[in-house]
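Chemist:
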Amino acid sequence: MKILVVHQNFPGQFKHLVPALRAQGHEVDVFTMNTFAGGDGLRVHRYSANKGTAADVHPWLAEFETKVIRGDAAYRMALSLEAQGYTPDLIVAHPGWGESLFLKQVWPKAKLLIYCEFFYAAEGTDVGFDPEFPVTAVGNDCRIRLKNINSLMHFDLADAGVSPTEWQKSTFPEPFRSKIRVIHDGIDTDRVKPDPKAWLQLGDLRLTRDDEIITFVNRNLEPYRGYHLFMRALPEILARRPNARVLIVGGDSVSYGAKAPAGKTWKQIYLDEVKDRIDLSRVHFLGNLEYQHFLVLLQISRVHVYLTYPFVLSWSLLEAMSTGCAIVASDTAPLREAIREGDTGLLVDFFNPGQLAQRVTELLADQPLQERLGRNARAFAQAQFDLKTVCLPSMLSLINEIGAR
Numbered sequence: 482m483k484i485l486v487v488h489q490n491f492p493g494q495f496k497h498l499v500p501a502l503r504a505q506g507h508e509v510d511v512f513t514m515n516t517f518a519g520g521d522g523l524r525v526h527r528y529s530a531n532k533g534t535a536a537d538v539h540p541w542l543a544e545f546e547t548k549v550i551r552g553d554a555a556y557r558m559a560l561s562l563e564a565q566g567y568t569p570d571l572i573v574a575h576p577g578w579g580e581s582l583f584l585k586q587v588w589p590k591a592k593l594l595i596y597c598e599f600f601y602a603a604e605g606t607d608v609g610f611d612p613e614f615p616v617t618a619v620g621n622d623c624r625i626r627l628k629n630i631n632s633l634m635h636f637d638l639a640d641a642g643v644s645p646t647e648w649q650k651s652t653f654p655e656p657f658r659s660k661i662r663v664i665h666d667g668i669d670t671d672r673v674k675p676d677p678k679a680w681l682q683l684g685d686l687r688l689t690r691d692d693e694i695i696t697f698v699n700r701n702l703e704p705y706r707g708y709h710l711f712m713r714a715l716p717e718i719l720a721r722r723p724n725a726r727v728l729i730v731g732g733d734s735v736s737y738g739a740k741a742p743a744g745k746t747w748k749q750i751y752l753d754e755v756k757d758r759i760d761l762s763r764v765h766f767l768g769n770l771e772y773q774h775f776l777v778l779l780q781i782s783r784v785h786v787y788l789t790y791p792f793v794l795s796w797s798l799l800e801a802m803s804t805g806c807a808i809v810a811s812d813t814a815p816l817r818e819a820i821r822e823g824d825t826g827l828l829v830d831f832f833n834p835g836q837l838a839q840r841v842t843e844l845l846a847d848q849p850l851q852e853r854l855g856r857n858a859r860a861f862a863q864a865q866f867d868l869k870t871v872c873l874p875s876m877l878s879l880i881n882e883i884g885a886r
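Quick note on the numbering used here: the sequence shown kicks off at 482 and runs consecutively.
#1: In the DSSP assignment, the alpha helix (DSSP H) including F636 goes from what residue to what residue?
#2: Round the Cβ separation of V963 and F517 to the nearest angstrom and send it over; I've been treating them as touching at under 8 Å.
#3: Am I right that G707 and F831 are in contact with their C-beta atoms under 8 Å? What's the rounded C-beta distance?
#4: Report the option in T513, A720, R700 whose CA atom is closest to the CA atom of V730.
#5: Are the beta-carbon atoms of Y596 and V643 separated by less than 8 Å?
#6: With a 10 Å radius around its C-beta and 16 neighbouring C-beta atoms as the bar for buried, classify K532 as buried or exposed.
#7: Using a 10 Å radius around the Cβ and a threshold of 16 neighbouring Cβ atoms, would you call E604 buried or exposed?
#8: Mapping DSSP to helix, strand and coil, what is K678?
#9: Is the CB-CB distance between S529 and A554 below 8 Å?
#10: In terms of DSSP beta bridges, what is D510 paired with?
#11: Starting from the Cα of D685, find the closest Cα among D570, Q863, S762, V871 and give me that residue.
#12: Residues in its own chain within less than 6 Å of R503 by CB, not counting five upstream and five downstream?
#13: Alpha carbon to alpha carbon, what distance is there between Y790 and D611?
#14: With DSSP collapsed to three states, give me the class of I664.
#15: Mind checking which residues open and close the alpha helix (DSSP H) that includes V499?
#16: Sorted by chain position, which residues of the same chain lie with C-beta nearer than 7 Å to L683's C-beta, five sequence neighbours on each side aside?
#17: Could you check how far apart the C-beta atoms of I759 and L719 are, in whole angstroms? I think they sit under 8 Å.
#18: In this structure, how does DSSP classify N724 when only helix, strand and coil are distinguished?
#19: For the stretch 826-843 against the stretch 799-811, do three or more pairs of beta-carbon atoms, one drawn from each stretch, fall closer than 8 Å, so that the two count as touching?
#20: Over what stretch of residues does the beta strand (DSSP E) that includes E693 continue unbroken?
#21: Just mark G579 as buried or exposed, buried being the case when its beta carbon has 16 or more other beta carbons within 10 Å.
#22: Taking the beta carbon of N515 as the centre, do at least 16 other beta carbons fall within 10 Å, making it buried, or is it exposed?
#23: Checking 8 Å against the spacing of the C-beta atoms, do G577 and E544 come in under that value?
#24: By Cβ distance below 6 Å, which residues in the same chain neighbour S736 in space, the five residues on each side in sequence not counted?
#25: Just to confirm, is the Cβ distance from K592 to D570 under 8 Å?
#26: Looking at the unbroken alpha helix (DSSP H) that takes in R859, where does it start and where does it end?
#27: Can you grab the Cα-Cα spacing for the pair V549 / P540, in whole Å?
#28: Note the first and the last residue of the continuous alpha helix (DSSP H) segment covering A807.
#29: May I ask whether a heavy atom of the ligand FAD can be found less than 7 Å away from the beta carbon of A618?
#30: Alpha carbon to alpha carbon, how far is W680 from H488? Give it in angstroms, no decimals.
#31: For V616 and G738, what's the separation of their Cα atoms in angstroms?
#32: How is G707 classed by DSSP in three states: helix, strand or coil?
#33: Consult DSSP for F653 and reduce its assignment to one of helix, strand or coil.
#34: Just checking, does the stretch 868-879 make contact with the stretch 490-506 on the three C-beta pairs under 8 Å criterion?
#35: In terms of residues, what are the limits of the alpha helix (DSSP H) holding R672?
#36: Is the CB-CB distance between L779 and T696 below 8 Å?
Right, here's the structure in full:
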């Protein structure tokens, strides 16, 4: 088949899929806005927006206008390729930025498979979940409804969808939900695995599995991923475990939710809240790590903490499971699909830093429990999320099934 893969920041979720498709003999082209170099004969077509969002656009529509601008850019690229005789049999797209909105105007006979990451709701998921950040803006429910225009416009175009977890699929409405297959992007459990000899150098410190290491990972340190609750649990954790060290990974920006007040970062706000009650020499902020160092961090972790609003599940949680971490996680969806209480990890009330501190310190004191939870977590990751034996074969099967229709 001729397959066009569309992702604003390629490769993204399609990092492993594209090489596998080419290995099967499919002819693959890529649409992207970034500077991905391609190579090895992979044809990469870059498009760029010809305008920015208008200054006077209604604020509820600003996000959708950005998607239309990007959809227009991809549409014009498609017209250029169509004029050269190119017609794909299948388009595999992450529609989140709008690029796939108009591609079937150019290639109406092409099948379309879309990546279904999340469908927004004014209540019941992430919005309004945290009472510390109440939603007060007039018309916020209207704004949230309009955030779904892009998804809604794809439903009558797409032949099928794929979603990484059952809970993320459940956020989408019927009748399109029935077209979504649950297939995770996959974790390379052969690479992401325990290593009892792993070590990490932090200045003069050489840290290993023999040290009492607690890890916490966000793309950016912010409330959506529970950074504020984790920081509030630290005074009790460090007081009860005098030899523990805390390694925190994440940037100072915002990936989800509201920005911090002007001139501040969420990282600093919640560090300032507790800094007078913790030993700062045992708390290490590592910023964003290169992937090989991130894996070492997980391999030396005694307890890994993962907290989140009801939102998309982070790869880092599954990677921590694959490395055999003993995990303490928030009892929020979609975590319940991966963390089974007392089996693959321990669950805590998202809003209860005292309970979080108690469970982390009790787990640090119980090495047999650490080892059992870690073994079970890795076994679960291998059985449910392994890239080579589970996820990639399922995705290739779905693509071939759609192509054969």
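The beta carbon of each residue, even a glycine, is placed where N, CA and C say it ideally should be.
Modeler: Result, derived from the coordinates:
#1: As a working mapping, residue 636 is identified with position 155 in the sequence shown. Element bounds for F636: 630-636.
#2: Missing from the structure shown is residue 963; the chain here goes from 482 to 886 and no further.
#3: Numbered from 1 along the sequence shown, position 226 holds the residue referred to as residue 707. Numbered from 1 along the sequence shown, position 350 holds the residue referred to as residue 831. About 6 Å; that satisfies the 8 Å criterion.
#4: Translated into positions along the sequence shown, residue 730 becomes position 249. Ranked by Cα distance from V730, the options T513, A720, R700 are led by R700.
#5: For the purposes of this step, residue 596 is taken as residue 115 along the sequence shown, with counting starting at 1. For the purposes of this step, residue 643 is taken as residue 162 along the sequence shown, with counting starting at 1. In this structure, V643 lies closer than 8 Å to Y596 by Cβ.
#6: Position 51 of the sequence shown holds residue 532. By the neighbour-count rule (16 or more Cβ atoms within 10 Å), K532 is not buried but exposed.
#7: Locating residue 604 in the sequence shown gives position 123, counting from the first residue. Its Cβ having fewer than 16 others within 10 Å, E604 is exposed.
#8: Here the question's residue 678 lines up with position 197 in the sequence shown. Of the three classes helix, strand and coil, the one that applies to K678 here is coil, per DSSP.
#9: What you label residue 529 is simply residue 48 of the sequence shown in a count that begins at 1. What you label residue 554 is simply residue 73 of the sequence shown in a count that begins at 1. Yes; because the gap between Cβ atoms is below 8 Å, this pair is in contact.
#10: Along the sequence shown, one-based indexing puts residue 510 at 29. Paired residue(s): L485, R524.
#11: By one-based count along the sequence shown, residue 685 stands at place 204. The residue with the shortest Cα to Cα distance from D685 is S762.
#12: Numbered from its first residue, the sequence shown carries residue 503 at position 22. Contacts found: V509.
#13: To locate residue 611, count along the sequence shown from 1; it is residue 130. To locate residue 790, count along the sequence shown from 1; it is residue 309. Taking the straight line joining both Cα atoms gives about 8 Å.
#14: In the sequence shown, the residue the question calls residue 664 occupies position 183. Coil at I664, not helix or strand.
#15: Here residue 499 is taken as the residue at index 18 of the sequence shown, counted from 1. V499 -> alpha helix (DSSP H) spans 498-504.
#16: Taking the first residue of the sequence shown as position 1, residue 683 is located at position 202. Excluding sequence neighbours, L683 sits near H765.
#17: Within the sequence shown, numbered from 1, the residue matching residue 759 stands at position 278. Within the sequence shown, numbered from 1, the residue matching residue 719 stands at position 238. Indeed, because the Cβ distance is near 5 Å, the residues count as touching under 8 Å.
#18: Position 243 of the sequence shown, counting from 1, holds the residue named residue 724. Reduced to three states, the DSSP call for N724 is coil.
#19: yes
#20: Within the sequence shown, numbered from 1, the residue matching residue 693 stands at position 212. Per DSSP, the continuous beta strand (DSSP E) segment holding E693 begins and ends at 693-701.
#21: Counting from one through the sequence shown, the residue named residue 579 turns up at place 98. Answer is buried; the Cβ neighbour count reaches 16.
#22: Start at 1 with the first residue of the sequence shown, and residue 515 comes out as number 34. Exposed.
#23: To locate residue 577, count along the sequence shown from 1; it is residue 96. To locate residue 544, count along the sequence shown from 1; it is residue 63. Contact: no.
#24: Looking up residue 736 in the sequence shown gives position 255. Answer for S736: R700, N701, listed in chain order.
#25: Numbered from its first residue, the sequence shown carries residue 592 at position 111. Numbered from its first residue, the sequence shown carries residue 570 at position 89. In this structure, D570 lies closer than 8 Å to K592 by Cβ.
#26: Within the sequence shown, residue 859 is the residue found at index 378, counting from 1. Run containing R859: 848-866, per the alpha helix (DSSP H) assignment.
#27: Along the sequence shown, read from residue 1 onward, the residue named residue 549 stands at position 68. Along the sequence shown, read from residue 1 onward, the residue named residue 540 stands at position 59. In a straight line, the C-alpha of V549 is about 15 Å away from that of P540.
#28: Indexing the sequence shown from 1 puts residue 807 at position 326. Premise fails: A807 lies in the beta strand (DSSP E), 807-811, not in any alpha helix (DSSP H).
#29: Although the ligand FAD was asked about, the structure shown includes no ligands whatsoever.
#30: For the purposes of this step, residue 488 is taken as residue 7 along the sequence shown, with counting starting at 1. For the purposes of this step, residue 680 is taken as residue 199 along the sequence shown, with counting starting at 1. Each residue's alpha carbon lies about 36 Å from the other.
#31: Position 135 of the sequence shown holds residue 616. Position 257 of the sequence shown holds residue 738. Approximately 11 Å between the Cα atoms of the pair.
#32: For the purposes of this step, residue 707 is taken as the residue at position 226 of the sequence shown. Judged by DSSP in its simplified three-state form, G707 adopts coil rather than helix or strand.
#33: Looking up residue 653 in the sequence shown gives position 172. Of the three classes helix, strand and coil, the one that applies to F653 here is coil, per DSSP.
#34: yes
#35: If you number the sequence shown from 1, residue 672 lands on position 191. Unbroken run through R672: none, as it is neither H nor E.
#36: Along the sequence shown, read from residue 1 onward, the residue named residue 779 stands at position 298. Along the sequence shown, read from residue 1 onward, the residue named residue 696 stands at position 215. Yes, they are a contact pair.
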